[in-house]
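Taking it in order: structure first as structure tokens, then the write-up.
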Amino acid sequence: MDYILQTNCLTKKYKNYQALNGLSMNVPKGSIYGFVGKNGTGKTTLFRLISGLQEPTSGDFTLYGIRNDSKNIMKARRRMGAVIETPSIYPDMNAEQNLKQQYLILGLPSFDGIHELLTLVGLEKTGKKKARNFSLGMKQRLSIAIALAGDPDFLVLDEPLNGLDPQGIVEMRELILKLNRERQITVLISSHILDELSRIATHYGFIDSGHMIKELSAKELDVVCRKCTHMEVTNTFALTHVLDSMNIEYKILSDTTANVFAKVNVTRLTSALAKENCEVLSIQEKDESLESFFLSLIGGGNNA
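With positions in the sequence shown counted from 1, the corresponding number in this note's numbering is that position plus 2.
Here it is, written out as structure tokens:
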């Protein structure tokens, strides 16, 4: 598998605080990588390190296969766009002027492509309206347009859904999916809104106390968090006999409870159990969410 970003035992220490503690992660090319962790666990610190805003205390990382201590790392970073912490825009300029300023900073030869970028992020009709008067969602989309000015194929987004209203969240989700699917841009994204993150991410990294505790693909997560029917019965021995005869997958949790991994015909199942002198006490559909999976990894607490 090709990786855009790989970190190896990456550590960042401040005077009285360790933000990253031996972080190792792998962001596959073409993925939407959801970076999940509580506040203060090092997500933004990682983004600042790979963007060149800070240097690691120890450990290393590679961007497009180029190590961070290589003289070519700046060349690799030119293939990357980032929106970190707050939208980086000029409030007294309109959307087009903000993009022109970014083009000048990057030393691009012309302003070709600005209208296309504004259309891509849905800001082509904002005209002379100053960015200070934009909604938060519009500011976030303008920041992404600015990050895309250099035509990167890797985009880093730090809490892009934070503070958005429901419509803004939907628009941001659709934009990220469009960038990934139509432009083949790899996206590394952190978000507190885990339900939304689960709608777009293809891979996940779960961080706690500056250390990676789990990496897995969305397909692997679906297996872990797959839907099931939670049953409480008077005798799970009888339940296993009946489920085996029906060729249904299950997991026994206790003498009276089990998870059944299939859509069962309740009438047929209860009738079969009755013949085994087993009563059904309760049946409940269960589906572990991304949030509950994360909380189970870190042992409870606040969500990401």
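Here a beta-carbon is modelled for each residue, glycine too, at the ideal position from N, C-alpha and C.
Closer than 6 Å by C-beta to residue i: which residues in its own chain qualify, once you throw out the five before and the five after it? Chain order, please.
| i | result |
| --- | --- |
| tyrosine 308 | The requested residue 308 is not part of the displayed model; the chain covers only 3 to 306. |
| threonine 259 | Glu234 |
| glutamine 286 | His232 |
| glycine 301 | none |
Of all the options the options, which has the alpha carbon lying nearest to the alpha carbon of residue i?
| i | options | result |
| --- | --- | --- |
| leucine 65 | Ala149, Tyr105, Asn10 and Lys15 | Asn10 |
| glutamate 57 | Lys15, Tyr19 and Asn41 | Lys15 |
| threonine 272 | Arg143, Asn249, Leu245 and Ser291 | Leu245 |
| arginine 80 | Ile107, Asn18 and Gln142 | Ile107 |
| phenylalanine 63 | Leu22, Lys141 and Met248 | Leu22 |
| serine 291 | His243, Arg201, Lys265 and Asn279 | Arg201 |
| arginine 183 | Leu166, Ala203 and Gly165 | Ala203 |
| glycine 109 | Lys216, Asp153, Leu275 and Lys130 | Asp153 |
| proline 89 | Asn267, Leu55, Arg134 and Gly61 | Arg134 |
| leucine 181 | Leu55, Arg270 and Val123 | Val123 |
Is the beta carbon of residue i less than 7 Å from the beta carbon of residue j?
| i | j | result |
| --- | --- | --- |
| serine 26 | methionine 214 | yes |
| aspartate 160 | threonine 43 | no |
| leucine 150 | leucine 177 | no |
| lysine 132 | aspartate 94 | yes |
| valine 158 | phenylalanine 49 | yes |
| threonine 188 | isoleucine 6 | yes |
| serine 137 | valine 85 | no |
| phenylalanine 156 | methionine 82 | yes |
| lysine 31 | aspartate 4 | yes |
| lysine 216 | leucine 299 | yes |
| phenylalanine 113 | lysine 130 | no |
Where do the N-terminal and C-terminal ends of the beta strand (DSSP E) with residue i fall, by residue?
| i | result |
| --- | --- |
| glutamate 217 | 213 to 219 |
| alanine 260 | 259 to 262 |
| serine 1 | Missing from the structure shown is residue 1; the chain here goes from 3 to 306 and no further. |
| glutamate 126 | Per DSSP, glutamate 126 belongs to no beta strand (DSSP E) and is neither H nor E. |
If you drop the 5 nearest sequence neighbours on each side, which residues of the same chain put their C-beta closer than 7 Å to that of residue i?
| i | result |
| --- | --- |
| leucine 163 | Ile171, Met174, Ser193, Ile195 and Glu198 |
| cysteine 230 | Asn261, Val262, Phe263 and Lys288 |
| proline 168 | none |
| glutamate 278 | Ala240, His243 and Val244 |
| arginine 228 | Phe263 |
Starting from residue i and walking both ways along the alpha helix (DSSP H), at which residues does that stretch end?
| i | result |
| --- | --- |
| valine 29 | Element bounds for valine 29: not the alpha helix (DSSP H) but the beta strand (DSSP E), 20 to 30. |
| valine 244 | 238 to 247 |
| alanine 149 | 138 to 149 |
| threonine 78 | Sequence check: residue 78 is alanine here, not threonine. Alanine 78 -> alpha helix (DSSP H) spans 75 to 79. |
| glutamate 173 | 168 to 184 |
Starting from the C-beta of residue i, find all residues in its chain whose C-beta is less than 8 Å away, skip the five residues before and the five after it, and write them out in chain order.
| i | result |
| --- | --- |
| glutamine 20 | Thr13, Lys14 and Gly212 |
| leucine 125 | Ala97, Met140, Arg143, Leu144 and Ala147 |
| glutamine 99 | Tyr92 |
| isoleucine 250 | Val262, Phe263, Ala264 and Val266 |
| arginine 69 | Asp62, Phe63 and Ile75 |
Stretch-stretch touch, CB-based, cutoff 8 Å, three pairs: the segment 253 to 269 with the segment 223 to 239: yes
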